[in-house]
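Notes follow once the structure below has been shown.
Numbering (the numbering used here), first residue to last: 466 to 680.
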């Protein structure tokens with residue numbers, strides 16, 4: 466069932482042209498489930514994807530189903546969307562260099578006169594809000610990763626929060642823009658949960674240590 470749901474999810478994201486979502490899903494899925502009990506299923510899924518991905522017949526099906534997504538995996542140099550994003554990055558980077566302290570809200574649209582001409586990664590925060598907000602976001606992301614790495618827990622809720630945080634971490638870092646509130650909210654919510662869980666477990670550990678010391 467797990468294997469079927471995973472393959473179905475990948476297929477749906479492919480059809481929906483969810484470039485960043487699909488790549489973030491594959492990255493987080495591979496990292497976390499290879500480190501957990503689902504190693505065999507994960508390796509089996511990756512093997513299936515590898516075999517299918519090298520099949521010419523399967524590549525033809527992918528091309529027919531969604532040409533834009535096909536070029537992402539089999540010919541990024543021919544991907545019109547990818548080339549367009551590189552041009553947008555170059556144009557917006559010029560604005561960032563001249564306004565990196567304060568930024569410029571909605572500058573991606575107002576300056577370049579075209580909706581959607583924004584940077585599709587974390588630099589969009591630097592462009593729109595300036596260096597202070599950008600650094601605060603970096604601190605949140607880095608500290609969130611530190612909490613995950615430094616906390617060893619078998620709690621299922623904590624594991625889910627870790628996966629969700631990591632997923633949106635990758636999306637915001639590489640694929641999403643400042644306007645994607647649906648990526649920011651889950652990131653902040655799961656970050657706060659991770660902090661709460663670490664504080665709770667740390668406090669419990671200290672109390673247990675103090676009790677042993679008193680004895």
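By construction, the Cβ of each residue, glycine as well, lies at the ideal position given by its N, Cα and C atoms.
Query	Result
Would you mind sorting residue 667 into buried or exposed? The rule is 16 or more other CB atoms within 10 Å of its CB.	exposed
Between residue 604 and the ligand HEM, is the CB less than 6 Å from at least one heavy atom?	Absence of the ligand HEM is noted for the structure shown, with no ligands found whatsoever.
With residue 613 as the anchor, note down where its alpha helix (DSSP H) starts and where it stops.	588-615
Put residue 673 into one of helix, strand or coil per three-state DSSP.	With a pLDDT of only 48 at residue 673, under 50, the local geometry of the prediction cannot be trusted, and no value is derived from it.
Spatial neighbours of residue 480 within its chain, please: CB distance less than 7 Å, with the 5 preceding and 5 following residues excluded, ordered by chain position.	530 and 531
Inspect the beta-carbon positions of residue 602 and residue 590 and report whether they are closer than 7 Å.	yes
Helix, strand or coil, according to DSSP, for residue 650 in the structure here?	helix
Counting C-beta neighbours from all protein chains within 10 Å, is the total for residue 469 16 or more, i.e. buried, or is it exposed?	exposed
If the criterion is Cβ atoms closer than 7 Å, does the pair residue 557 and residue 584 meet it?	yes
Would you say the region 481-491 touches the region 628-638, given that touching needs at least three Cβ pairs under 8 Å?	yes
If distances are taken between C-alpha atoms only, which option among 485, 525 and 661 comes closest to residue 622?	661
On the three-state DSSP scale, how would you describe residue 484?	helix
Which whole-angstrom value describes the C-beta separation of residue 474 and residue 533, a residue pair presumed to lie in contact below a C-beta threshold of 8 Å?	About 19 Å separates the two Cβ atoms, so there is no contact after all.
Is residue 611 buried or exposed, if buried means 16 or more other CB atoms sit within 10 Å of its CB?	exposed
Whole angstroms is fine: what's the gap from residue 550's alpha carbon to residue 572's?	16 Å
So, helix, strand or coil for residue 640, using DSSP?	helix
Among the candidates 515, 513 and 656, whose CA atom is the shortest distance from the CA of residue 609?	656
Quick one: Cα of residue 599 to Cα of residue 568, how far?	10 Å
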